[in-house]
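**Q** To start, I am sharing the structure in question, which I have written as structure tokens.
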Amino acid sequence: MSQSLNQILFDQLDSIVLIDSHSHINPHSPTSTSLADLLGYHYYTELAHSSGMPKHLIEEPGISPREKVGRLFEYLGNIDNTVQWSWFVELSQKLFGFQGDEINKSNWETVYDLADSKMAQPDWESQVLAKSKVEKVFLTNDFDDPLEGFDSKRYVPCLRTDDLVFHLAQPKVRERLHSASGQTIRTLSDLKQAIDVLFIRFKERGARACAISLPPWFAPKAYPDQSHVAQVALDDLVQFGNDASETHKRTMAEWVFWKIAELAEAYKLPFDLMIGVNRRVYPTGVFQGQDLYDSRVSLIQYAELFNAFPNLPFPISVLASVTNQELVDYAWIFPNVLTHGHWWYSNTPNYIRHDLRGRMEAIPRNKQLGYYSDAYKLEFIHPKFRMYKQLLADVLAEDFCLGHGWSEEKAIALGRQILRGNVENVFEC
Amino acid sequence: MSQSLNQILFDQLDSIVLIDSHSHINPHSPTSTSLADLLGYHYYTELAHSSGMPKHLIEEPGISPREKVGRLFEYLGNIDNTVQWSWFVELSQKLFGFQGDEINKSNWETVYDLADSKMAQPDWESQVLAKSKVEKVFLTNDFDDPLEGFDSKRYVPCLRTDDLVFHLAQPKVRERLHSASGQTIRTLSDLKQAIDVLFIRFKERGARACAISLPPWFAPKAYPDQSHVAQVALDDLVQFGNDASETHKRTMAEWVFWKIAELAEAYKLPFDLMIGVNRRVYPTGVFQGQDLYDSRVSLIQYAELFNAFPNLPFPISVLASVTNQELVDYAWIFPNVLTHGHWWYSNTPNYIRHDLRGRMEAIPRNKQLGYYSDAYKLEFIHPKFRMYKQLLADVLAEDFCLGHGWSEEKAIALGRQILRGNVENVFEC
Amino acid sequence: MSQSLNQILFDQLDSIVLIDSHSHINPHSPTSTSLADLLGYHYYTELAHSSGMPKHLIEEPGISPREKVGRLFEYLGNIDNTVQWSWFVELSQKLFGFQGDEINKSNWETVYDLADSKMAQPDWESQVLAKSKVEKVFLTNDFDDPLEGFDSKRYVPCLRTDDLVFHLAQPKVRERLHSASGQTIRTLSDLKQAIDVLFIRFKERGARACAISLPPWFAPKAYPDQSHVAQVALDDLVQFGNDASETHKRTMAEWVFWKIAELAEAYKLPFDLMIGVNRRVYPTGVFQGQDLYDSRVSLIQYAELFNAFPNLPFPISVLASVTNQELVDYAWIFPNVLTHGHWWYSNTPNYIRHDLRGRMEAIPRNKQLGYYSDAYKLEFIHPKFRMYKQLLADVLAEDFCLGHGWSEEKAIALGRQILRGNVENVFEC
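Protein chains in written order, with this note's numbering: chain B, 1 to 429; chain C, 1001 to 1429; chain S, 2001 to 2429.
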């Protein structure tokens, strides 16, 4: 294994200006305002909690950012082996100019102060984007997001549809839908029309995708617009809200999901499917640290969907690495199935490495969307993408240059396509 | 990692004359007649289609071979990263004498013409076999194949039983069975006797195995010869054909499968099980590019079978890499369970590497049947086996020579046994 | 990859005095008395049997140890590729002073005699412990084990609860429970009180854990102490024994399991869960060589349990590598879920390597219990731990020192914590 070849390829990949095709950035507050914002990222709070830190110490109302960070550092030594921790150290070095190798109880205040002074600079957002070489960042917008007050060329709207599909029983969600669409929801026609209004607004504001995260048990199912079964289910939801039957909730989830797919196809918005998460498995966990999964899921559950919408691209993320080979093979066969990033619990090097090699050797090169940050704050784009680019460079060096005699140029061209080119083409951005 | 050690081992393994224990070669037309035959292999058509090529361009009736290849090359650049593509480039170099590294839109006609001139030579079949160092190739014969007009020492018959097990409801299948066996199928006794006739003929013509591919939901189940439930099911199939109930179709699948296992044991034919494929998941895909799978399958479904036939060898292939550890462990425990090759969606280096290492370190060495080509045309045996031999050499070098201090000779002996010796012993050929 | 760095780290890890947190050692006879004891370990008998050795040759009553070993060596050449075989060769070299590299039909008697002379030495137990650098070894004690006549500081008792949970229908088990607790079992109160007595005795004798192995279908479920459903089930078990209904057996398994978890929490004994084994899948296999599994199991089945006992540590082993990512992620989120060793069918280098890397990069370092021997005889602790330490050193060298620029000292400290420190802390020993 030639370390220097890997490095040459990494450096080339690292010079590519990125489009980040999935994030949770708030465009009105894209960067952090203190280290507490960064270490409040659920990866750190949930790992600190898992390692022994009581939840109430983390989530006590009213504590100052500095106090919160100080408390966390009583436990963060327990997670200094994790790749998530390496992201934090790396961004501190690259973005804040921290000079050391370790950040711990003895020196965290130095980093805190460094970060404070950087974040206070008026052009911090631009600095971060420039250092991270990011040009555009996809958002994940609530369906009733007004989508105003930000540059939608830089922060690209994306319609998140989880609430519509899975939480329509909640009166609040239906009220929000009513507000956002001007439509009172009584009939399936009302509902379809309301969602149509959302698509029109998102499309007008420059949206480039719609997205949803899906539990392992979900299997999309076709419904006609005017399904008697679905109308009965909707009546139950409207009348009883959260107390509606689970069967009716599921029926409506299926009906709404199918309508969204129809609209996504009509409005030419790729439909990002993020498959496999169970919400609130650990309901007393910290904020955003409560979700896990059942890895017994199969893409065969989506076969009817993929067949029904041949012209709708489905960029797909799977939560568990054991599902990745199915993803490789469904993308190998179905023209409308694409691989999209390395998601959440599979976003660590051991799983990325195995999953990436599986993809690179068996899926057409124009169907692989390499990576997205999934970040809540811009600062995390840099270290997360860096981790991926290192692994991508390793695979290119070892499997393609050494394994198949490819030239550096040819390998870099493949890396560029996976890292950026396909994102441009698939999302037309 | 000593590259040269890997190379030494590879060269030794590469000098071994092969027996290919599973293929779809047509012994009456074993080689290709033009590049269109090679690029018509479903790997290329399905990947080209997946990358964006409309099916009608590929499967338009009446287009010439050259036209078909030219059309494919408009899209094949999208799959030049795949290992399947590397097989094509490699066989072009090794068998046709192509000198370049890349075959693309700009130079495909050179390769086309090279191939044409080679394939036109009267001894092309012998050339390919000699260059590929293949001595015998197992076939996959329909149950009513007359098995005549070819050298069954070179092309070894193998009884494919899929139609008998899964498609007996089709009138055409029962007619074929009637023709092949002389038996009208009304009762279970008729049916058993008809299948017995097939075994006798296959055995007489030198068959060395019977084989079947199985969907993930299938679980073999014992039935007595005279099962009332099965006779009722058969009556339904005979009367209603494809319109028979799914339950009855399943019952007959179970009954027939069990009888075939009994006959395989009686006639001493190893029973190749290829576990895990769902047919026609993408029914509008290209020819042979429609099958996928649900990786949620377990070998526990076969425990009753393995227990019931202790003297029948079951060489087993699994479709998904996530099933491979179960295969390793069932082969570790059950004397009659053997590992057989790396099948289809698991036949790419990332999965072979992981699956092979798991097998080599935990299964008795006399129970590992290393590889088969699964090829439709002889030309593919060379590059597919080469891929496997490289991976086998790597594992021998790294895990055995470096890891356990084995000598080259000892490592090569293990490789030889896995690659060839066990095939001879298990299939008595 | 710097081989010498890996070696330096290995040497440091290899100098650490171990606590073996799970074994099946009999403290009254901890070492072997002849090579037949070692080669009677189920790994060798089941692999020899799988490779072709008839069971009756292995298990014939009355054959001498030397005869048994001689017979085994007629087949052991078939398994000289396995990692299990490498354990035997290595312990022969390290503990018996065998000088060669291979042990086979031609020279096994030399090793037999070497072993005999070593094992006859009065301090053989101490020699083995000293050479293996083992300080304490956890046992797996039947619930009615008197726990007397051995040094419980060296051999740490652990309450095995399989019989109580899964075999309470057997009259013999209830009799043993009656004898061990003085309690006649008629009501749920009787049963809880009887189990309470067991916990008190185990705790008094220095127990540090309770443990259970669980089939893939099991899903813990909360029951009140006085559950009508459970009392009805218990009545059925008491009246009909093994003939009680499967539903009632399952209900009692759930009820007893939940009570044991309550008592484990009350008595502060970590509850080792070993998840995923199906017993007697191959009922005519050799002794202890009959169990396999269905890899379709999920830790979501344990979510209710993990939520209900936040203060009870659950060191968890999973049988199949495909479950390891779930284990990583449940340990990442739940404070009371810990990873524990590499169990049985996942205890081979290919799976350890992948599973270990997944753990080391994503779980807090204080929650990883690296390895246990699972040994029946002390002699196996040395080679099994050595295998693990080599893999641990490799991951530390490649992923941490080379990958993240860690110093050797920092890497060794992490290795020490995983190998020993966490065992001390979690089991308070």
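Think of the CB as a built atom: it goes at the ideal place given N, C-alpha and C, for glycine as much as any other residue.
Since the structure is predicted, the reported quantities are computational estimates derived from the model, not experimental observations.
1. Can you tell me the Cα-Cα spacing of Thr2184 of chain S and Asp2235 of chain S, whole angstroms?
2. Pop quiz: Asp1355 of chain C and Ser1321 of chain C are said to be a contact at Cβ under 8 angstroms. What is the actual Cβ separation, rounded to whole angstroms?
3. Please confirm whether Pro335 of chain B has its beta-carbon closer than 8 angstroms to some beta-carbon of chain C.
4. Mind the definition here: the segment 2121-2137 of chain S touches the segment 2172-2179 of chain S only if three or more C-beta pairs lie below 8 angstroms; say whether that holds.
5. Let me know the alpha helix (DSSP H) ranges lying completely inside the segment 286-335 of chain B, each 4 residues or longer, listed in chain order.
6. Indicate whether at least one CB of chain B lies closer than 8 angstroms to the CB of Tyr2371 of chain S.
7. May I ask you to report which of helix, strand or coil DSSP gives Gln7 of chain B?
8. Please state whether the Cβ-Cβ distance between Gly1415 of chain C and Leu1396 of chain C is less than 8 angstroms.
9. At a Cβ threshold of 8 angstroms, is Val1281 of chain C touching chain B?
10. Name, going along the chain, the residues of the segment 1379-1391 of chain C whose beta-carbon falls closer than 9 angstroms to a beta-carbon of chain B.
11. Can you tell which of S:Asn2350, S:Lys2203, S:Ser2106 and S:Val2232 has its C-alpha closest to the C-alpha of Arg2186 of chain S?
12. Consider the Cβ of Ile2352 of chain S: report whether some Cβ of chain B lies at a distance smaller than 8 angstroms.
13. Excluding five sequence neighbours on each side, which residues of the same chain lie with their C-beta closer than 7 angstroms to the C-beta of Glu379 of chain B?
14. Assign Ser1295 of chain C to buried or exposed, taking buried as 16 or more other Cβ atoms, counted over all protein chains shown, within 10 Å of its Cβ.
15. What residues in its chain sit with their C-beta under 6 angstroms from that of Thr1161 of chain C, if we drop five residues either side in the sequence?
16. Applying a beta-carbon distance threshold of less than 8 angstroms, which residues of chain B neighbour Ile2300 of chain S?
17. Quick one: does Gln2325 of chain S have its CB under 8 angstroms from some CB of chain B?
18. Looking only at C-alpha atoms, which of B:Tyr388, B:Val111, B:Gly403 and B:Asp399 sits nearest to Val69 of chain B?
19. Would Pro216 of chain B pass as an interface residue toward chain C - the criterion being a Cβ-Cβ separation below 8 angstroms?
20. So with CB distances below 8 angstroms, who are the chain S contacts of Thr348 of chain B?
21. Against Arg2365 of chain S, what residues of chain B qualify as contacts under a CB-to-CB distance less than 9 angstroms, listed in chain order?
22. Taking the alpha carbon of Arg1188 of chain C as the point to measure from, which residue in C:Val1165, C:Ser1227 and C:Leu1198 has its own alpha carbon closest?
23. Below 8 angstroms between beta carbons: does that hold for Ala2393 of chain S and Cys2401 of chain S?
24. What is the C-beta distance between Val423 of chain B and Ile103 of chain B, in whole angstroms, given that I count them as a contact (C-beta under 8 angstroms)?
25. If I'm right that Val281 of chain B touches Leu369 of chain B with Cβ under 8 angstroms, what's the distance once you round it to whole angstroms?
26. Kindly examine the ligand ADP and report whether one of its heavy atoms sits closer than 7 angstroms to the Cβ of Gln1239 of chain C.
27. Closest by CA to Tyr302 of chain B, which one among B:Ser132, B:Glu67 and B:Trp217?
28. What are the residues in the segment 2036-2062 of chain S lying within 7 angstroms of chain C by C-beta distance?
29. Phe2199 of chain S: which of S:Gln2239, S:Arg2154, S:Asp2144 and S:Pro2224 sits nearest, CA to CA?
30. Can you list, in chain order, the stretches of the alpha helix (DSSP H) that have 4 or more residues and sit fully within the segment 125-166 of chain B?
31. List the residues of chain S whose Cβ lies closer than 9 angstroms to the Cβ of Gly1405 of chain C, in chain order.
32. Just tell me which of B:Lys268, B:Glu59, B:Leu327 and B:Trp332 has its CA closest to the CA of Phe309 of chain B.
33. How big is the Cα-Cα spacing for Leu9 of chain B and Glu2074 of chain S?
34. Would you grab the beta carbon distance between Asp1196 of chain C and Leu1237 of chain C for me? Rounded to a whole angstrom, and I think it's under 8 angstroms.
35. Roughly how many whole angstroms lie between the Cα atoms of Gln12 of chain B and Lys389 of chain B?
36. When you compare the segment 1326-1341 of chain C with the segment 2041-2052 of chain S, are there three or more beta-carbon pairs, one atom per stretch, that lie closer than 8 angstroms?
**A** According to the structure data:
1. 13 angstroms
2. 6 angstroms
3. Closer than 8 angstroms to some Cβ of chain C, the Cβ of Pro335 of chain B qualifies, so yes.
4. no
5. 303-308 and 324-333
6. No, no contact with chain B.
7. helix
8. Going by C-beta atoms, Gly1415 of chain C is nearer than 8 angstroms to Leu1396 of chain C.
9. yes
10. Gln1390
11. S:Val2232
12. No, because no Cβ of chain B sits closer than 8 angstroms to the Cβ of Ile2352 of chain S.
13. Thr31, Ser32, Leu38, Leu91, Leu95 and Val128
14. The residue in question, Ser1295 of chain C, is buried, as its Cβ has 16 or more Cβ neighbours within 10 Å.
15. Cys1210, Ile1212 and Ile1260
16. Correct list: Asn278, Val281, Leu292, Tyr293 and Asp294.
17. yes
18. Considering only B:Tyr388, B:Val111, B:Gly403 and B:Asp399, the residue with the shortest C-alpha distance to Val69 of chain B is B:Val111.
19. no
20. Gly2358, Glu2361 and Ala2362
21. Ser51, Gly77, Asn78, Ile79, Asp80, Asn81 and Thr82
22. For clarity, residue 1188 of chain C is Leu in the given sequence; the question names Arg instead. With distances taken between Cα atoms, Leu1188 of chain C lies closest to C:Ser1227.
23. no
24. Not confirmed; about 32 angstroms, so no contact.
25. Contact flag wrong, Cβ pair sits at about 28 angstroms.
26. The model on display carries no ligand, and the ligand ADP is accordingly not part of it.
27. B:Trp217
28. Glu2046, Leu2047, His2049, Ser2050, Ser2051 and Gly2052
29. S:Asp2144
30. 162-166
31. Close to Gly1405 of chain C, with beta-carbon spacing below 9 angstroms, are these residues of chain S in chain order: Asp2101.
32. B:Lys268
33. 53 angstroms
34. Contact doesn't hold; Cβ gap of about 19 angstroms is too wide.
35. 10 angstroms
36. yes
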